[in-house]
Amino acid sequence: MSKAGLTMPITVAPNIEKLVPYVPGRSVEEVQRELGISKLVKLASNENPYGPSPRAQEAIIQEVGKLNIYPDASSHNLKLVMSEFLDVDTDCIAFGNGSDDLIHLLGVTFLEEGDEILQGDPSFIRYESAALLNNVTCRMVPLLPDWSYDMDGLIAAVNDHTRLVFLANPNNPTGALVSHSEVERLLDSLPERALLVLDEAYYEYASEHAECPRALEWVRQGRNVVVLRTFSKAYGLAGLRIGYGVMRAEIAGWLERTREPFNVNLLAQAGGAAAVADTEFLKSILSYNRLGLQLLYTACDELGLSYTTSYANFLWIDTAKDASEVTAQLLRKGFIVRSSKAFKSSTHIRVTVGTLAETRDFIEALKSVLSQ
Ligand code: PMP
Numbered sequence: 001m002s003k004a005g006l007t008m009p010i011t012v013a014p015n016i017e018k019l020v021p022y023v024p025g026r027s028v029e030e031v032q033r034e035l036g037i038s039k040l041v042k043l044a045s046n047e048n049p050y051g052p053s054p055r056a057q058e059a060i061i062q063e064v065g066k067l068n069i070y071p072d073a074s075s076h077n078l079k080l081v082m083s084e085f086l087d088v089d090t091d092c093i094a095f096g097n098g099s100d101d102l103i104h105l106l107g108v109t110f111l112e113e114g115d116e117i118l119q120g121d122p123s124f125i126r127y128e129s130a131a132l133l134n135n136v137t138c139r140m141v142p143l144l145p146d147w148s149y150d151m152d153g154l155i156a157a158v159n160d161h162t163r164l165v166f167l168a169n170p171n172n173p174t175g176a177l178v179s180h181s182e183v184e185r186l187l188d189s190l191p192e193r194a195l196l197v198l199d200e201a202y203y204e205y206a207s208e209h210a211e212c213p214r215a216l217e218w219v220r221q222g223r224n225v226v227v228l229r230t231f232s233k234a235y236g237l238a239g240l241r242i243g244y245g246v247m248r249a250e251i252a253g254w255l256e257r258t259r260e261p262f263n264v265n266l267l268a269q270a271g272g273a274a275a276v277a278d279t280e281f282l283k284s285i286l287s288y289n290r291l292g293l294q295l296l297y298t299a300c301d302e303l304g305l306s307y308t309t310s311y312a313n314f315l316w317i318d319t320a321k322d323a324s325e326v327t328a329q330l331l332r333k334g335f336i337v338r339s340s341k342a343f344k345s346s347t348h349i350r351v352t353v354g355t356l357a358e359t360r361d362f363i364e365a366l367k368s369v370l371s372q
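Positions 1 to 372 (my numbering) are the ones given, in order, by the sequence shown.
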């Protein structure tokens, strides 16, 4: 028993002790303060550099006066809009406070003692957190030397305990894409209890390419697949926090029970519905991203740097130098990129495709840093 007035350390379960707080890409203001730099460009969190969809902005402004009222707990209108947009039943859609929320919910809902998560390594960091939080093993299969998924390795690692298989496609941090038939091969190898979680956070960028899987077909066929997508990337709404999952109604029904009643706020529901109708915005974002990637590819070719062809809005570049040093020097030149420390490579950086002007300036900075 603690004595009144004495603060005793609070204890938590061993699995909670192992959790580390998410380290986000550093904010522009934070780094500006620290280094005394006035102009700083953040190319570290795969955000859309062109701002939010204008139609989403208008819709959000319309809703602001209603903030005294709780949001619709069933996201009814957004569900109707998305059901038509995706051509799936409304019961097959679940929304989250970002797709992060859905990753969390999938863990809480489906992981039981003795279960395992399976994922490629490196990949999006939140999958492992879901395993730790729910006290299950996270089985990681290293990517191949060319930074693509080791699909044979993943299939070989499937066992009777496999419950959730997380496949970010395109993968983060590499931007590499797995084809429809390869994903299907993995899906076919899974035991009955397992769910394949296809994290398509960067789907809109990948959808421009013929080899992008048609993941919703598996949902329509009633397979054990959860397709995660988000409004945070191509639609430019990362700050709004809204993502969605598409899955069999039965699976979505379980998430309905575990989610918080108001996990999608009023503005997010309105913004999301307006954003998917903003096809002009999306089209221009995709075309600017294509041009930005092309600039980066050309620069890497000129510099003799190898990179992974990207199906997303970022590029995984091998600087052939100590990535922490390169990252620090780029920072001094006003660019925040993601160092590869978190991603188990000592020489790579992950660079978000900025505006064309930002990308050109970044290339100059990279050339200067690497010539030193
Ligand atoms: N999955 C992947 C692969 C990601 O890169 C991200 C964002 N960095 C997310 C999910 C989470 O996105 P959000 O929560 O903003 O929808």
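Ideal Cβ positions, reconstructed from N, Cα and C, are used throughout, including at glycine.
query = What's the gap between the Cα of Glu128 and the Cα of Ile117?
reply = 8 Å
key: Distance, Val165 Cα to Ile155 Cα   = 10 Å
ask   = In its own chain, which residues sit with a C-beta less than 6 Å from the C-beta of Leu267, not counting the 5 before and 5 after it?
value = Ile60 and Glu63
inquiry  = Looking at the ligand PMP, does it come within less than 6 Å of Ser27, judged from the CB to the closest heavy atom?
reply    = False, no ligand heavy atom lies under 6 Å from that Cβ.
query = By the 10 Å Cβ neighbour count, where 16 or more other Cβ atoms means buried, how is Ile242 classified, buried or exposed?
reply = Ile242 is buried by the Cβ-count criterion.
Nearest candidate by alpha-carbon position, reference Pro71, set Ser345, Pro261 and Arg290 = Pro261
key: Nearest neighbour of Glu256, chosen from Pro52, Pro24 and Thr90 [CA to CA]   = Of the candidates Pro52, Pro24 and Thr90, the one whose C-alpha sits nearest the C-alpha of Glu256 is Thr90.
key: For Gly107 and Ala131, the rounded distance between their alpha carbons   = 7 Å
ask   = If you run the structure through DSSP and keep just helix, strand and coil, what is Cys300?
value = helix
query = With burial defined as no fewer than 16 other Cβ atoms inside 10 Å of the residue's Cβ, what is the status of Ile349: buried or exposed?
reply = buried
request  = With a cut-off of 5 Å, give the chain-ordered residues whose Cβ is closer than this to any heavy atom of the ligand PMP.
outcome  = Gly98, Ser99, Asp100, Phe124, Ala168, Asn172, Asp199, Ala201, Thr230, Ser232 and Gly243
request  = Taking only the alpha-carbon atoms, compute the straight-line gap between Cys300 and Ser287 and give it to the nearest angstrom.
outcome  = 20 Å
query = Smallest Cα separation from Leu43: which of Val369, Gln372 and Thr359?
reply = Thr359
ask   = In terms of alpha-carbon separation, which member of Pro191, Ile125, Thr162 and Glu200 lies closest to Ser179?
value = Glu200
inquiry  = In the DSSP output, which residue or residues are listed as bridge partners for Ile117?
reply    = Cys138 and Leu164
request  = Can you tell me the Cβ-Cβ gap for Leu216 and Leu167, rounded? I've got them flagged as a contact below 8 Å.
outcome  = Wrong, their Cβ atoms sit about 15 Å apart, outside the cutoff.
ask   = What residue range is occupied by the uninterrupted alpha helix (DSSP H) comprising Gly271?
value = Leu266 to Ala277
ask   = What is the rounded straight-line gap between the Cα of Ser181 and the Cα of Met151?
value = 11 Å
query = What are the complete beta strand (DSSP E) segments, minimum 3 residues, inside the stretch 277-337?
reply = 306-308 and 314-318
query = Terminal residues of the continuous beta strand (DSSP E) containing Leu198?
reply = Boundaries of the beta strand (DSSP E) harbouring Leu198: Leu195 to Asp199, taken from the DSSP string.
query = In whole angstroms, what is the alpha-carbon distance linking Val23 and Ser99?
reply = 17 Å
ask   = What's the C-alpha gap between Lys233 and Ser339?
value = 20 Å
inquiry  = Let me confirm a value: Lys79 is counted as buried when at least 16 other C-beta atoms fall within 10 Å, else exposed. Which label applies?
reply    = buried
message = Could you check whether Phe335 and Val41 sit closer than 7 Å to each other, using their CB atoms as the reference points?
response = yes
inquiry  = Quick check for students: name the residue ranges of the beta strand (DSSP E) that lie wholly in the stretch 205-255, counting only runs of 3 or more.
reply    = Listed in chain order, the complete beta strand (DSSP E) runs (minimum 3 residues) inside the stretch 205-255 are 225-230 and 243-246.
query = Bridge partners of Ala94, per DSSP?
reply = Answer by DSSP bridge pairing, in chain order: Gly245.
inquiry  = Is it buried or exposed, Gln269, if we count other Cβ atoms within 10 angstroms and call 16 or more buried?
reply    = Label assigned to Gln269: buried.
request  = Look at the alpha carbon of Val227 and the alpha carbon of Arg220, and state the distance between them as a whole number of angstroms.
outcome  = 11 Å
Closest by C-alpha distance to Asn265, when choosing among Val88, Cys212, Ile16 and Asp101 = Ranking Val88, Cys212, Ile16 and Asp101 by Cα distance to Asn265 puts Asp101 first.
message = What would DSSP say about Ser83, mapped onto helix, strand or coil?
response = helix
request  = Take every Cβ of the stretch 3-19, pair it with every Cβ of the stretch 322-335, and state whether three or more of those distances are shorter than 8 Å.
outcome  = no
query = According to DSSP, is Thr359 helix, strand or coil?
reply = helix
request  = Decide if Glu47 is buried, meaning its Cβ has at least 16 other Cβ atoms within 10 Å, or exposed.
outcome  = buried
query = What did DSSP end up calling Ser345 once you bin it into helix, strand or coil?
reply = coil
ask   = Residues in its own chain within less than 6 Å of Gly153 by CB, not counting five upstream and five downstream?
value = Same-chain partners within the cutoff: Val141.
message = I'd like the span of the alpha helix (DSSP H) that includes Leu422, first residue to last.
response = Absent from the structure is residue 422, since the part of the chain shown begins at 1 and ends at 372.
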